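Here the structure comes first, spelled out in structure tokens, and everything after it is commentary.
There are 2 protein chains.
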Amino acid sequence: MHELINKLKDIQSELTDLGHAASVMGWDQVTYMPPGGAEDRGNALATLSKIIHMKTTDPAIGEILEELEPHIAQLDPDSDDARWFKVTKRGYEKQTRMPVDFIMRWTKETSIAQMKWQEARQKSNFSIFQPNLETIVELAKEGSSFFTPYDHIYDPLLDMYEPGMKTADVKTIFEALRPVQVEIIQAIKDSPQVDDSFLNTTFPKQGQWDFGMELLKAIGFDLNRGRQDYSAHPFTSGFSINDVRITTRIAEDDLISGMMSTLHEGGHGLYEMGYNPAYSRNALHGAASLSVHESQSRMWENLIGRSLPFWRKYYPRLQSYFPTQLGNVTVEQFYRAVNKVEPSFIRVEADEATYNLHIMLRLEIELGLIEGNIKVAELPEYWNDTMHAYLGITPPNDAMGVLQDVHWSHGLFGYFSTYALGNLVSVQLWDVMNEQIDNIDGKIEQGEFGEILQWLRENIHVHGSKYEPQELIEKVTGSKIDPQPYVNYLKQKYGQIYGF
Amino acid sequence: MHELINKLKDIQSELTDLGHAASVMGWDQVTYMPPGGAEDRGNALATLSKIIHMKTTDPAIGEILEELEPHIAQLDPDSDDARWFKVTKRGYEKQTRMPVDFIMRWTKETSIAQMKWQEARQKSNFSIFQPNLETIVELAKEGSSFFTPYDHIYDPLLDMYEPGMKTADVKTIFEALRPVQVEIIQAIKDSPQVDDSFLNTTFPKQGQWDFGMELLKAIGFDLNRGRQDYSAHPFTSGFSINDVRITTRIAEDDLISGMMSTLHEGGHGLYEMGYNPAYSRNALHGAASLSVHESQSRMWENLIGRSLPFWRKYYPRLQSYFPTQLGNVTVEQFYRAVNKVEPSFIRVEADEATYNLHIMLRLEIELGLIEGNIKVAELPEYWNDTMHAYLGITPPNDAMGVLQDVHWSHGLFGYFSTYALGNLVSVQLWDVMNEQIDNIDGKIEQGEFGEILQWLRENIHVHGSKYEPQELIEKVTGSKIDPQPYVNYLKQKYGQIYGF
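Protein sequences appear in the order of chains A and B.
Residue numbering for the first sequence follows our numbering, starting at 1 and increasing by one per position.
Residue numbering for the second sequence follows our numbering, starting at 1001 and increasing by one per position.
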């Protein structure tokens, strides 16, 4: 048995290295690559993907898995080897159930769709993208069909990003969440708005960068094992637990956005640095799911980075970078400004209270398209109507509405929900952490994040992808993903800020 | 035939992409990678090398080559396809003649030797490295033995870097060169030394960087298809003709070194950007040889970058960056300082007049070791004696002497000569260029480098590795590599500066 396990782990080890190579190229592509290099980089990445795909779907893996299965059945099902086997088998099946012909069509169509989406967004004209999106919806359905039987045709899509999660679960969660969030937003709208006019000025780039680096070091992002650079769209890429790259973007007229992006990606980065080193070159390396990943970024960005104790500690530092801009603004004023709620068109700029509604809209649309109840041609209207129903605003054009996100052009159906689920999970974890660690607020106010990080390391990070997300969250919090803690959190925090 | 050619070119295309991946990882490793990432990067690069080696030596290539040979024999031997076949076959034979067992021993022993060399250099103690170097010498001899018959056992080593070049050729060239260079250095020693005391001050980094970027743009380094970054050891890496990375290093107490390094790597970079795009994904992509590559860097660094017309144009710009340091220094004074000749211990810091002697010492040692006339244990003494004979100075320790270069620990026997040959070639090309382009000095003095670059593009760059180096140089200059133009150049330039 050990020989077979090692044989499979050797294959995974090679795949780890090829993935490392692709990640470095992907990171370079959006940080330092000169524009002229795009085409050759595209070719190189395509070749690497092809090699990785061939090695991932090598029938030899299937044979080893089959031979191993009876031996693994003898092990403690919670042992690393048993779990590793399960994750490996799940991955292999996902990769091999889709025929090569389908993957080739998928790759080709999404690559065309990406260009069309760019053009459509630029011209703010949905009809340019519409035929491509129609093709992608058909491909998504076809993709699902390889994973029968399922409870719902959307399940296999969701399962790509949230292993084990069902459409019915997400619908239940979102249905409980939506009315309460709409209600909270209404209450905020009926209250006097927060004054953040002091932010309408210029905050030079260097100061924002330096302050962001201070925050990164403070929360425990290890610069010996990672770094931050600039990119147009902030992201995190872990080449390994010992080399984690995050990026940020800084706008001189938007102090909050760059800072929060740094904390957000920093949270993702801490997760990437915290996987069990023993998993480094096998299938247990990596996040439990996208929602668990997002719970980490949102915890550092929102639960910590938008809290009053945090700013009690760091606001004087921020003032020292920007004395003329912030010298006369109190920490309480600043805290309220950082938490201003205002319905807006663009998801990635949405605040904590409205964000999940942006996601719910997208899930409704994806379900409608996949179930066949919504036509692609109807999307702009559906989008605008729903935005008005949830947030009371109507996008002035498609670029600010249905065309804003890149995801569908990449064929990423099933992805969006994980953002909202991540918000919910972050608060579930936070509540339990607060039961287990004394006086967290006091520690944050001292800039002491060691115990928080240690708790996340031990309860979440170290497990890598050993557990399915719902299983992991239940193990740590005693319940599966649950909207109630998030609702309580929103009500309490924004009730206090907006006085309702 | 075309089908077979395309089949082989598809393989080379895939290898281009894998090489691209390895180059990006190698570049990142020495520019931005956090220190903690070293081990995982090493693993990823090793895996990629293994895959590249397997694909390069795939017996299928040998079969296609064999099948193609009679068809290729019908073609014009100077056609791209015929030359491509020749280069492909040569490469395949080089890769496959060495048995896998030998390559594995080689990889293992050189990897150990690199660590030992580092330790030895740090402690300035040759005996730490001695046993490893002994192993490497034996491996180098064994490596040669796979390429019998040869005229000289050193030929196959040289041929790795200078295709077609023979040991006898290099010896003849160096024997003609050595006495004249020793004589020139003696004449310089007997003349009053140049005053460069005004350089013994501080030149802030940012100004040096900005000035270097100005120079890069001026000489035609296309920042849309390349970039410059920092690294401990400057180098050039072309991921493709459309993405060429160069690096520099800047010391605040050494203005000349950083500037010249930028021009040097810039020259390499222009070559990498200039290969025929039609060769991009096949075996004709790349330099004709290392000496031809070096001729390009040395031309921009020395023939242009250390010329009086160049500084007549750029010295006022340099003064504007460093007005307090250089405000009272004339361009003639500066020109003489940039060309100060002074025997020194370290090759990479050597001036134009002494540099080749550093190389000749290394070739003598390599030949002695490979022929068995010098023992590894004798190297420190041999080194110091020869340095004294050639340059009149004796290194105070092994770190400043025999341990200074990394090359031998990597097993790079046969490499050093290409540096000196590159110097010779640069002047041969320069002389012909001066016959064919009017008033080059005047153009340099106007900062007009377009015609120079165009000439290099058409005569050297575009050919990639279609021609062997001696063939290419003869094609352009009418003679093979010849030391006389370089000797004339040195005598004339330094006779004028030092007045002999």
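Using N, Cα and C, we set each Cβ at its ideal position, and we do this for glycine too.
For clarity, every value in this text was computed on a predicted model and none was experimentally measured.
Just the chain A side, please: which residues come within less than 7 Å of residue i by C-beta, in chain order?
i, result
"aspartate 1040 of chain B", "His20, Phe239, Ser240, Asn242, Asp243"
"aspartate 1028 of chain B", "Val24, Asp28"
Residues of chain A with a CB under 9 Å from the CB of residue i: which are they?
i, result
"alanine 1044 of chain B", "Thr16, Asp17, Leu18, Gly19, His20, Ala21, Val24, Phe239, Ser240"
For a contact meaning CB atoms closer than 7 Å, what does residue i contact in chain B?
i, result
"asparagine 276 of chain A", "Ordered by position in chain B, no residue passes the 7 Å Cβ test against asparagine 276 of chain A, which lies about 15 Å from the chain."
"tyrosine 32 of chain A", "Arg1227"
"proline 527 of chain A", "Nothing about residue 527 of chain A can be read from this structure; chain A reaches only from 1 to 500."
Give the residues of chain B in contact with residue i, contact being defined as C-beta atoms less than 8 Å apart.
i, result
"leucine 48 of chain A", "Asp1017, Leu1018, Ala1021"
Since residue i contacts residue j with CB under 8 Å, what's their CB separation in whole angstroms?
i, j, result
"histidine 1358 of chain B", "glutamate 1301 of chain B", "About 16 Å separates the two Cβ atoms, so there is no contact after all."
"asparagine 242 of chain A", "aspartate 1040 of chain B", "6 Å"
"threonine 96 of chain A", "glycine 62 of chain A", "7 Å"
"glycine 26 of chain A", "serine 1240 of chain B", "Between serine 1240 of chain B and glycine 26 of chain A the Cβ distance is about 17 Å, and since that is not below 8 Å, they are no contact."
"phenylalanine 174 of chain A", "methionine 360 of chain A", "5 Å"
"threonine 1110 of chain B", "histidine 1410 of chain B", "6 Å"
"leucine 290 of chain A", "tyrosine 390 of chain A", "Between tyrosine 390 of chain A and leucine 290 of chain A the Cβ distance is about 23 Å, and since that is not below 8 Å, they are no contact."
"tyrosine 1154 of chain B", "leucine 1367 of chain B", "6 Å"
"leucine 508 of chain A", "serine 297 of chain A", "What is shown of chain A runs 1 to 500, which leaves residue 508 of chain A out entirely."
"isoleucine 473 of chain A", "tryptophan 455 of chain A", "Not a contact, Cβ separation roughly 14 Å."
"valine 292 of chain A", "glycine 269 of chain A", "That pair is no contact at about 15 Å."
"glycine 1305 of chain B", "methionine 1273 of chain B", "With 8 Å as the limit, glycine 1305 of chain B and methionine 1273 of chain B do not qualify as a contact, their Cβ atoms being about 18 Å apart."
"tyrosine 1230 of chain B", "arginine 227 of chain A", "Not a contact, Cβ separation roughly 14 Å."
"serine 1295 of chain B", "leucine 1177 of chain B", "So it is not a contact: roughly 15 Å between Cβ atoms."
"proline 34 of chain A", "leucine 1223 of chain B", "6 Å"
With a threshold of 8 Å between beta-carbons, can residue i be considered close to chain E, or not?
i, result
"alanine 353 of chain A", "Of the protein chains in the structure, A and B, none is chain E."
Would you say the beta carbon of residue i comes nearer than 7 Å to a heavy atom of the ligand MG?
i, result
"valine 1338 of chain B", "Summarising the ligand content, the structure contains no ligands, and the ligand MG is consequently not present."
Given 8 Å as the limit, is there contact between the stretch 1235 to 1253 of chain B and the stretch 48 to 56 of chain A, that is, 3 or more CB pairs closer than that? no
Which full runs of the beta strand (DSSP E) of 3+ residues lie inside the stretch 1290 to 1375 of chain B, going along the chain? none
Taking only beta carbons into account, state which residues of the stretch 391 to 406 of chain A come closer than 7 Å to chain B, listed in chain order. none
Within the stretch 1178 to 1259 of chain B, ranges of the beta strand (DSSP E) (whole runs, at least 3 residues): 1226 to 1230, 1236 to 1240, 1243 to 1248
Identify every run of the alpha helix (DSSP H) within the stretch 1108 to 1178 of chain B, keeping only runs that are complete inside it and at least 4 residues long; order them along the chain. 1126 to 1145, 1155 to 1161
So within the stretch 1 to 56 of chain A, which uninterrupted alpha helix (DSSP H) runs reach at least 4 residues, ignoring any that extend past its ends? 2 to 31, 38 to 56
Would you be able to state if there are at least three C-beta pairs under 8 Å between the stretch 1205 to 1222 of chain B and the stretch 1148 to 1167 of chain B? no
Take every Cβ of the stretch 479 to 492 of chain A, pair it with every Cβ of the stretch 7 to 20 of chain A, and state whether three or more of those distances are shorter than 8 Å. no
Runs of 4 residues minimum, wholly inside the stretch 417 to 486 of chain A: which ones carry the alpha helix (DSSP H) assignment? 417 to 436, 440 to 445, 450 to 459, 469 to 477
Within the chosen definition, does the stretch 434 to 450 of chain A reach the stretch 300 to 315 of chain A through at least 3 CB pairs nearer than 8 Å? yes
Does the structure place the stretch 168 to 184 of chain A close enough to the stretch 416 to 428 of chain A that three or more beta carbon pairs sit under 8 Å? Two segments are said to touch when three or more pairs of C-beta atoms, one from each, lie closer than 8 Å; by this definition the stretch 416 to 428 of chain A touches the stretch 168 to 184 of chain A.
Touch test, the stretch 64 to 74 of chain A against the stretch 1275 to 1283 of chain B, Cβ-Cβ under 8 Å, three pairs minimum: Contact between the stretch 64 to 74 of chain A and the stretch 1275 to 1283 of chain B is absent, because fewer than three Cβ pairs lie under 8 Å.
Assess, as a yes-or-no matter, whether the stretch 190 to 207 of chain A is touched by the stretch 323 to 342 of chain A under the definition of 3 or more beta carbon pairs within less than 8 Å. yes
I want to know whether the stretch 1452 to 1468 of chain B touches the stretch 1136 to 1144 of chain B - three or more CB-CB distances under 8 Å. no
Report yes or no: do three or more beta-carbon pairs, one from the stretch 1372 to 1392 of chain B and one from the stretch 1201 to 1209 of chain B, lie closer than 8 Å? no
How about the stretch 1126 to 1137 of chain B and the stretch 1054 to 1068 of chain B: do they share at least three Cβ pairs that are nearer than 8 Å? no
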